[in-house]
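Below you'll find the structure, written out as structure tokens, and then a few comments.
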Amino acid sequence: MSFIPESDGAEEFGLSADATTPKEEADYGTAQVLHSGILLAQPDRPPSQIPSNPDALGSIQRLTDATEAKIARLTAEIDELDLLRQRERRVLAELHLMAVPIGKMPIELLVELFKMVGHTVVLHQDPRALDSIGGSPWNACAFNYQEVSLSLALKQVLRLCQVCTYWRQVAHNTPRLWAEGVVRLQLDREYLGRSYKEGLETQLVRSAPCLLSLSLHQKNTTMPGASFFKGVMDQTARRILNLCVNAPCFPPFDLSPGTFEALERLSISNAGHQARPVTVFEHSPWLKQFVFHSSRFFSGIRLFQMPWAQLTALVVEDESLGACREILTQCTNLITAGIITSLWWDDLLDAAHSSLVALPFLKTLAVSFNNASSTEISGLTAFLSPLALPSLITLEIGFSEQLEETWPTAVLSDFQGRSPKIESMSFDHSFCDTEDMLRLLRQSPALKSLDLTRNFRCVTDDLLRALRYDESEPTPLAPQLQDMTLSLGECTQSLLEDTIRSRWWTDATLPSPEPRIKRLDEVVILENSLSPGFEDRVRDLVDHGPLWLHG
């Protein structure tokens, strides 16, 4: 096949479709071959004397057009051949994959391995949390999202996608991988670029229909991308498992009650500008854990209409003690509860004479009072008076500072009578004295753990003498006690040592007859102002026994 097409223009220059231009020369660049062909056909005619009349120039143009067309055809053929080569390479890769061990792995097993690689913990549990039955409520249900978990989860799955085509196909068709981590939306973000929107939408599409963890953040009340975020919520609300909202007020997404049909955990923080009632969670059938932190000096918990009766874990930080008690008494299926509120009582009507409300399943109750001040009716009295907690195991009561108040001994005594199973008591900065504490201990025969952090008024010699075991005593105080945490008041160090030794022994030194008390497992001394001589005397208790000295 000749490189130069047949035309009158070609013949004018002595070029034709015969063997004048060898086939081998047709493989060179168009300009070079054309110029060479002209010179070969007319060797005695210098280039400057080649005809330049209009007819000759027209022939050159026709040759140029024909050559360019052929180049285009060859380029298309090359592209098609390249596609065929790529297709064959894919076939070859698939054949190799079938021969290597990873290619013989069932796809179901590969998916499980991918899930293990991409799994990300999105709920952080407080290390203070105890076991799931009697644990501290502050983080047993007060979950905190790890902000790095979203990028980490996406990085893991994207790495898997880059290994090979087969792995990419498996990853793209495994929604669980794309649902890992926390989808974080910054609602007051000023610029929503195309890549951000497309990336987020791609993740949401690939994660369907799996359940998601969603975190909404907003520092101010403006929302430039309101329509986009509303679309995201419309698309995902029905498959949100965990929802964390950190915003001055709940975003107005105009979602109807019942939309969050899969929601199990809800956390709302910094709701200091909430003015309208929030009803969207009222009919969430699976909601079990609710955490609410209002802004300081603001009470907003009453604005949130929740399925209180179905909750099993509750943490509320709200300025209104009356509102906190009102909410708590509606949660009849609670297992753990934590309340952070003010000690001043804001609802004096019938505060101390409310009818009893039983919470039959509540095992852990922690109450922390802030902004303490003297009032006509003690907040602690008003809070505990109506509560009957027959299953309560752990009781934690804390105050932000030491108060010069009268401890409501009678109220606590009545409360203990309605809560006979208490095994763990913790008092932080309480204003009870030694006699008040002894009365509490006498009414707690099942007590296993006692925490008296910063209770300097009650940790005295009288308390230590009462706790010291005497085998001649027919009814020893706190016979089940195994763990103690003490902030020492005015007490004698030798008496402290005697009390600890009377309740601890090794297996080899087990007294006879066997003591009618449990052996101590741990004794923690805080704000340590003990003398060096005391520390030397109790070295065996520190090295081999239950004693821990801090401070």
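Quick note: the sequence shown uses our numbering, first residue 6, plus one each step. A virtual CB, placed ideally from N, CA and C, is assigned to each residue, including glycine. Treat the numbers as computed from the prediction; the structure is a model and nothing was measured.
Helix, strand or coil for residue i per DSSP?
i    : result
F404 : strand
A318 : strand
F461 : coil
T369 : strand
A267 : coil
I344 : strand
S232 : helix
S304 : coil
A213 : coil
V283 : strand
F255 : coil
H434 : coil
A184 : coil
H278 : coil
Q167 : coil
D419 : helix
A471 : helix
D60  : helix
M311 : coil
A242 : helix
S1   : The structure shown does not extend to residue 1, since the chain spans only 6 to 556, so no value can be given for it.
C329 : helix
L392 : strand
Q335 : helix
L248 : strand
A363 : strand
V162 : helix
S536 : coil
S507 : helix
S429 : strand
From the DSSP output, which residues share a beta bridge with residue i?
i    : result
W553 : V529
R189 : S220
N178 : Paired residues: none, contrary to the question.
V3   : The structure shown does not extend to residue 3, since the chain spans only 6 to 556, so no value can be given for it.
M489 : L455 and V528
S272 : C249 and V296
Can the beta-carbon of residue i be found closer than 8 angstroms to that of residue j?
i    : j    : result
V314 : C329 : The question names Val, but residue 314 in the sequence shown is Ala. It is not a contact, given that the beta carbons lie outside the stated cut-off.
I340 : S373 : no
T465 : D433 : no
A483 : S449 : yes
G186 : L159 : yes
V321 : I332 : yes
E324 : F309 : no
P257 : T226 : no
D456 : T490 : yes
W172 : S212 : no
V416 : T369 : no
A318 : K293 : yes
L531 : S492 : yes
L443 : L468 : yes
L316 : F388 : no
R508 : R524 : yes
Q279 : F297 : no
R164 : C215 : no
L535 : Q485 : no
In chain order, what residues of the same chain have a beta carbon less than 6 angstroms from the beta carbon of residue i, not counting five sequence neighbours either side?
i    : result
S454 : S429 and D488
N178 : none
P229 : E195
L361 : P391 and A393
L515 : none
V116 : T179
R462 : D438
L44  : Note that L44 scores 46 on pLDDT, short of 50, meaning its location in the model is unreliable; the coordinates nonetheless yield the value given after this. Hits under 6 angstroms: none found.
Excluding sequence positions up to five away, which residues of its chain have a Cβ less than 7 angstroms from the Cβ of residue i?
i    : result
A77  : none
N547 : Strictly speaking, residue 547 in this sequence is Val, with Asn absent from that position. So the qualifying residues of the chain are L554.
G538 : none
E495 : T465
R473 : D503, T504 and S507
N338 : A314, Q315, L316, T317 and F366
Excluding the 5 residues flanking residue i on each side, which residues of the same chain have their C-beta closer than 8 angstroms to its C-beta?
i    : result
W412 : S435, F436, C437, D438 and D441
K202 : F233
E17  : Residue placement at E17 is poorly supported in this model, since its pLDDT is 45, which falls under 50; the coordinates still yield a value, given next. Excluding residues within five positions, the ones whose Cβ falls inside 8 angstroms are P56, D60, A61 and S64.
L397 : L367, K368, T369, L370, S424, K426 and I427
P282 : L308, F309 and Q310
Less than 8 angstroms between CB atoms is the rule here; does residue i satisfy it with respect to chain D?
i    : result
R164 : Considering every chain present, this structure includes no chain D. It has just one protein chain.
With a threshold of 7 angstroms (Cβ to nearest heavy atom), would residue i be considered close to the ligand HEM?
i    : result
E540 : Among the ligands in the structure shown, none appear at all, so the ligand HEM cannot be discussed.
Segment contact, 8 angstroms Cβ cut-off, at least three pairs: the segment 281-293 with the segment 255-267: yes
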